[in-house]
């Protein structure tokens, strides 16, 4: 009789494909977390964490834009879970998450695809492990005493922004109502919620504020990821080039009198901003609004400087 490897519930195998190991995604997740708690495959990742909240390390580049077997870092220890995961990350960085598959990873590593299943249950778990790996980079999970809520949120938002620029595929996995609940992501979210400890806010309000700040990074990162994808395909132009050349040309053709406010922006160099400047402007204005909200809730000014 075939049973779930986690809870022991009887399984009904499908006549096609591989035999299931778990009865549900929740059992698969519990088994995955148990392996993490036991330290399997995680030692190297935990050692990479710094004491400072720093941006993720630069992605491993592939000059041709395609991953080849020779371009994957090799060691003498042979196949391992960490090696599989970072190979998958390299593929996703170079060609997008849609190009990453168990077979693709196996081809790059020069092994049979079934050998990967000795370390990882399948693509779903592989993606979870990829997220765990990249979110493990970049520092501790506790707020730094004395830094203040604004500096904490700035650092968190900038780290997340840098993450999506370094690993564009992550946005597709994270910007959803059901993100992978891996330990490193949960630890970072817990840190963000701890930013407001001692201010007297209820948990729901704290949650909403932090999601709003994260939403600034995720929303503008959609544009950044689109820009990266365009560059990957070749022949694309950046946002600033598009605003400086394409938009004025279209407005001129359609008639600037129909769109006078947009036409007025043509000679404003500030509008031809890169996404980094737009992100910083939007983040600061949101933080200003949060400061006013906290002042109204607590009766104390939380601005670091007078307005």
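Residue numbers (the numbering used here): 3 to 309.
Cβ coordinates follow ideal geometry from the N, Cα and C atoms, glycine included.
As the crow flies, the alpha-carbon of residue 193 is around 32 angstroms from that of residue 103. Between the alpha carbons of residue 122 and residue 128 lies a gap of roughly 6 angstroms.
Apart from the 5 residues on each side of it in sequence, residue 174 sits with its Cβ closer than 6 angstroms to the Cβ of 99 in its chain, given in chain order.
The C-beta distance from residue 300 to residue 202 rounds to 6 angstroms, short enough to fall under 8 angstroms. In the structure shown, residue 12 falls within a strand segment according to DSSP collapsed to helix, strand and coil.
If you compare the alpha carbons of 81, 137, 136, 134 with that of residue 115, the shortest gap goes to 81. As the crow flies, the alpha-carbon of residue 107 is around 44 angstroms from that of residue 292. A residue is called buried when at least 16 other Cβ atoms come within 10 angstroms of its Cβ; residue 130 meets this threshold and is buried.
Looking from the CA of residue 163, the closest CA among 92, 217, 204, 26 belongs to 217. Counting along the chain, the unbroken alpha helix (DSSP H) around residue 88 starts and ends at 83-97. In this structure, residue 137 lies away from residue 101, with their beta-carbon atoms at least 8 angstroms apart.
For residue 5, DSSP records a beta bridge to 12.
Counted as a single uninterrupted DSSP element, the stretch harbouring residue 103 is not any alpha helix (DSSP H), since DSSP gives it neither H nor E. Pairing residue 221 with residue 5, the inter-Cα distance amounts to about 43 angstroms. Taking a contact as a CB-CB distance under 8 angstroms, the pair residue 155 and residue 289 counts as one, their CB atoms being some 6 angstroms apart. Residue burial is scored here from C-beta neighbours: residue 191 has at least 16 other C-beta atoms within 10 angstroms and is therefore classed as buried. By the CB criterion at 8 angstroms, residue 219 and residue 171 fall outside the cutoff.
Scanning 161, 132, 182 for the CA closest to the CA of residue 282 turns up 161.
By the criterion of a C-beta distance shorter than 6 angstroms, residue 90 is surrounded in its chain by 102, 107, 128, 132, once the five residues flanking it on both sides are discounted. The Cβ neighbour count for residue 254, taken over all protein chains shown within 10 Å, is under 16; the residue is labelled exposed. Distance from the CA of residue 134 to the CA of residue 151, rounded to the nearest whole angstrom, comes to 26 angstroms.
Assignment of residue 225 by DSSP, reduced to helix, strand and coil, places it in the helix class. Boundaries of the alpha helix (DSSP H) harbouring residue 168: 151-168, taken from the DSSP string. Contact between residue 159 and residue 215 holds: CB atoms are separated by about 5 angstroms, below the 8 angstroms threshold.
With 16 or more neighbouring CB atoms inside 10 Å of its own CB, residue 296 falls in the buried class.
Judged by DSSP secondary structure, residue 246 falls outside any alpha helix (DSSP H); it is assigned neither H nor E. Taking 8 angstroms as the cut-off, the beta carbon of residue 265 is found closer than this to the beta carbon of residue 258.
Residue 176 and residue 260 have their C-alpha atoms some 40 angstroms from each other. Excluding the 5 residues flanking it on each side, residue 285 has same chain C-beta neighbours closer than 6 angstroms at 159, 218, in chain order. Secondary structure of residue 259 (DSSP, three-state): helix. Here residue 217 carries a helix assignment [DSSP, helix/strand/coil].
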